[in-house]
Structures are given as structure tokens and as C-alpha cells.
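Written below as C-alpha cells is the structure these notes are about.
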Amino acid sequence: MAKRIVVTATGDALITRRMPDYPDEPFRRLVDLIRLADVAFTNMEMTLSNYEGSPVVESGGMNLSAEPGVARDLRRMGFNLTAFANNHTLNYGEHGCLETLRVLREVDFVCAGAGRHLDEARSPAYLETAADRVGLVACASTFAKGQEAGAQRPDTPGRPGLNPQRFDTLYAVDQEHYDAVKRIAELTGAEKWRQWRIWMGFGKPPKREGEFIFAERSFIVSDRFEIRTEPNQDDLAGNTRSVRIAREMSDLTLVSIHAHEPKDEMWQPADFIVEFAHACIDAGADMVIGHGPHMLRGLEIYRGKPIFYSLGNFIFQYEYLQRIPADDYATMNADPSMTPPEVFRLVSQNDTRSFPAEPRYWETVLPLCTFAGRELVSIELHPVTLGPGSGWPERGTPRLADPRHGEEILRWMADLSAAYGTAIDIVDGVGRVRL
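UniProt numbering applies: residue 1 is where the sequence shown begins, and numbers increase by one.
What follows is the structure, encoded as C-alpha cells:
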């Protein structure tokens, strides 16, 4: 008889404060659910270098850091598996990245997705549980150029960073507008300099027949206007290779991808994310865990395996950063004399815009996925709120939602998942996925 193993997963743990054992029942019940699982995954959306290292200009929004103790708090909550491939991996430079990996090792927090070079970042990590051995491959599509790990050569070291899953973007337009783009490129001289870079050996020609590149955008002719995305095939080959290795060396194989990119709405994943997730399942993954857009996306059951396109935020404490680097002040159009709380009030215009003004950023579900061997047996979805209306200092900390709010969250998740043919029944405040 196949062993049963319970897997839970969350989206982003953007944790900037210590997390004590809060005494209130909604928090305690949430932690109890996490501790029920054999495998408890979260995305580490922080550097744990205590603001040490060099903050970067392209920070993915803002440079995030926290004291190392928050890793112990997550472990105490029950988490034992994490991904560190996201747009904040290099927020405090190579030092911040490598120090975070050191801290995670120190508290026995199994981590995938980042490393001293590409092979290390792309390699699976393995969690040994009493039930089974679990493999994890983690990658990101959302990051600033240069934050991806670099490959080693016999005569050259690699570069610390994250495991990338890049993608190509194509802007489909009709013939008239395609010709107009080409004409603009010619008249402005942009096309001349693009061709010169190719001649010099520093530029790349288009990958596809009929593709025209202008202002670093790729245009193609189509009978309809749309933005199309495709996974980078080199990265896809490398990541699916890691999935196959993990499948051979573990009893259950998980894949994590940090991907902000939307289709038409933020709650819809871009096409390349769907193609990537399907390819990972085809290569042997048993579950794909998406995160990045800070809100829920739907659940697809593909070939009997769950794909969570985004589990949104789980801990969202960006408003409690103690330090903000100078470049981030400039990004947020803030006066350098402002304190961090004043900066965040400026950005949100006193909670009337940005994250505080959209409740979807403060809602998620905690799934409990039960497997018998590699066969998916059941999925429960428990609604979680991060307290959008509670203000500081409560906002951003997860708790099980009350019955009314919980039903709203589950209905939203059911609506998102219906697009993939997934049906979710709501029974006694819990979402139960029909398999």
C-alpha cells in the first residue's frame, strides 16, 4: 500500500517582523493546519541579511531584508521547505543572497532556487520526511537582468543568483501597424543601430521568421492584436531536466515558479506560465506551486496533478521595513527625509491606492494536498486573510478567515479555477476540490 503524504504550500512569505506564537484562535488554528502536513512549503520573498550587503537599483519594487530570526519563526510554524528564486533574491547583492542561504541551512530549512552558480541554483533540493523523500525544483521568471545565476566554466567562476525561467514576449499586430513600427524604426535610426550591433557581434537577430525588433520589443503580423508569451527553451530544457532528476531521486516531486506576468488580468497567468507548468508535469512533477502576483490565481488539475498558478501572499509585511535604501526613495518619489512609515503612507495615499486599496492582495488559501504515493487523493482549501482592514501593525499577518469572509475567498478561488475546468465545493467553510 502506497504511503500517504500531506503537502501544504503558501505563496509569498514577505516577512519583515518576528512572528511569535500569537494567542488568538484564528492564528493558532492556521498554524495547526500547517503542522499537520508532512511537507510545508513557502516562498522566501526576503533576504535574511539584516540589511547587510549592497542594495540594488533594480529591486523588484523595493529592497527587502529582515533579521535572520524570522527563518526560525517560519520553521516553528511548521514550514520545512522553501524556494528562494524571486525578484528579491539579489536585493542586497551577492552577500544578501549567500547569507540568506547560509541562514536557511543553519535552521535546517530545505531550500531550492538560488546558489553560488547556475548548476547549484537549478539543482533540486530534497526534504527527508518520515513519510517520503520530497524533491523541489524552484525558479523565477520575474527578476532584473543580471540577477539570474551564471554558469561556471573550467576557467571562469559562475555568478551567484537565482534559477531563471525566462520567456519571450511577442506583440502581435496587423500588417498596417507592423509596417508603421518598421517605418518608425527606420526614420528614427533605431533600425540602423540595431543592425550595427548585430554586425559588431553584440546583437542578436530575430529568432522567428517575420519577427521585427524595435525598442527591444518583438513584433509579428497577426489577424488580432495581443501579447503572446513563450517560455525560453534553453531554460525550459534545463528546468525540466532538473525535474526528471528529482523524480528519479525522490518519492514526490514539487516545482515552484515565481511569476508576476499576467495574461489580460493580473489574476490570469501569462501563456508561458501555463506552458511551463504543463511541461514540468509532463517531465514528472507531481505538483506545481506558483506565486508572484501577490494575489490568487486559479487551480488546474492537469493529468491528475495540481497546478496552483498563484497562491498569492501568505505573509505581507513590506510596510514594516525598518530601512529603505536611497534608490528606493527615488523609485517611490519620496523625499529622502521621510521615515519609512511616511514613505508607505505616501505610496498608498493613506490606503486609497496600491496594495492597501485592493482586498485581493490580502486574501489567500492554504491547500492541504494528500497523496498516496504519487497519486493525488484529495485537496482541501482553507481560506486565509491577512487583515486588509485592520491597519498597522496587524495588517500582513495571516489568520484563518471568519466564516463570511472565508466563503467569499473560496468562491473567488472557485471562480478562478473554473476557467481550467476545476470544480470546488464549499463544505463547512472548507473548499474541497473535485478530482
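Even glycine gets a Cβ: it sits at the ideal position worked out from N, Cα and C.
Quick caveat: nothing in here was measured; it's all calculated off a predicted structure.
For residue i, name the three-state secondary structure that DSSP assigns.
i: K305; result: strand
i: I424; result: strand
i: V239; result: Note that residue 239 is Asn in the sequence shown here, rather than Val. Helix, per DSSP.
i: M44; result: strand
i: I227; result: strand
i: G158; result: coil
i: G135; result: strand
i: I34; result: helix
i: P26; result: helix
i: D335; result: coil
i: A85; result: coil
i: P393; result: coil
i: G312; result: coil
i: E52; result: coil
i: D179; result: helix
i: P205; result: coil
i: A121; result: helix
i: V39; result: strand
i: G150; result: strand
i: residue 436; result: This structure cannot speak to residue 436, because the chain is shown only from 1 to 435.
i: E58; result: coil
i: E128; result: strand
i: E265; result: coil
i: L90; result: coil
Taking just the CA atoms, how far does residue j sit from residue i?
i: N374; j: G284; result: Just to set this straight, residue 374 is Arg in the shown sequence, not Asn. Taking the straight line joining both Cα atoms gives about 10 angstroms.
i: V137; j: Y51; result: 27 angstroms
i: P340; j: F276; result: 38 angstroms
i: T316; j: Y171; result: Going by the sequence as given, residue 316 is Phe instead of Thr. Cα-Cα distance, rounded: 33 angstroms.
i: T229; j: G421; result: 22 angstroms
i: V56; j: T142; result: 15 angstroms
i: K192; j: Y361; result: 45 angstroms
i: G113; j: S242; result: 11 angstroms
i: M332; j: Y318; result: 14 angstroms
i: F84; j: L90; result: 10 angstroms
i: I281; j: L127; result: 20 angstroms
i: M249; j: I213; result: 43 angstroms
i: P398; j: G387; result: 7 angstroms
i: Y302; j: M287; result: 10 angstroms
i: A151; j: D234; result: 13 angstroms
i: H291; j: F79; result: 16 angstroms
i: A190; j: K182; result: 10 angstroms
i: K305; j: L376; result: 7 angstroms
i: P293; j: R159; result: 27 angstroms
i: Q322; j: M295; result: 25 angstroms
i: F371; j: G93; result: 39 angstroms
i: R116; j: S337; result: 37 angstroms
i: E67; j: Q147; result: 22 angstroms
i: T100; j: Y329; result: 24 angstroms
i: Y351; j: A357; result: A quick correction: the sequence has Asp, not Tyr, at residue 351. Cα to Cα, the separation comes out at about 6 angstroms.
i: E25; j: V347; result: 33 angstroms
Cβ of residue i versus every heavy atom of the ligand GTP: is any distance shorter than 8 angstroms?
i: G431; result: As presented, the structure is devoid of all ligands, the ligand GTP included, so that no description of it is given.
In terms of residue numbering, what span does the alpha helix (DSSP H) encompassing residue i cover?
i: H278; result: D271 to A283
i: I409; result: P403 to A418
i: Y329; result: A326 to T331
i: L346; result: P340 to S348
i: R76; result: G69 to M77
i: V103; result: G93 to E106
i: R432; result: That residue, R432, is in no alpha helix (DSSP H); its beta strand (DSSP E) goes V430 to V433.
i: M200; result: A190 to M200
Could you give the residue range of the beta strand (DSSP E) that holds residue i?
i: F212; result: F212 to F214
i: H291; result: M287 to H291
i: I257; result: L252 to H258
i: R18; result: Counting along the chain, R18 falls outside any beta strand (DSSP E), and DSSP gives it neither H nor E.
Any idea which residues DSSP pairs residue i with across the strands?
i: L386; result: None, per the DSSP bridge assignment.
i: I220; result: A172
i: L400; result: V384
i: P164; result: A140
i: G115; result: G161
i: D234; result: DSSP output for D234 lists no bridge partner at all.
i: P367; result: L381
i: D12; result: N43 and N313
i: S65; result: T47
Can you find the residues in the same chain that come closer than 6 angstroms, C-beta to C-beta, to residue i, ignoring five residues on each side of it along the sequence?
i: H88; result: E45, G60 and L64
i: I273; result: A259
i: E211; result: S218 and I220
i: A131; result: K3, I5 and D38
i: D251; result: D132 and R133
i: M19; result: D73
Can you name, in chain order, every residue of its own chain whose Cβ lies under 8 angstroms from the Cβ of residue i, other than the five neighbours on each side?
i: I198; result: K204 and P205
i: S222; result: A172, V173 and D174
Spatial neighbours of residue i within its chain, please: CB distance less than 7 angstroms, with the 5 preceding and 5 following residues excluded, ordered by chain position.
i: P231; result: Q165, F167, F272, E275 and F276
i: E226; result: A172
i: A419; result: G298
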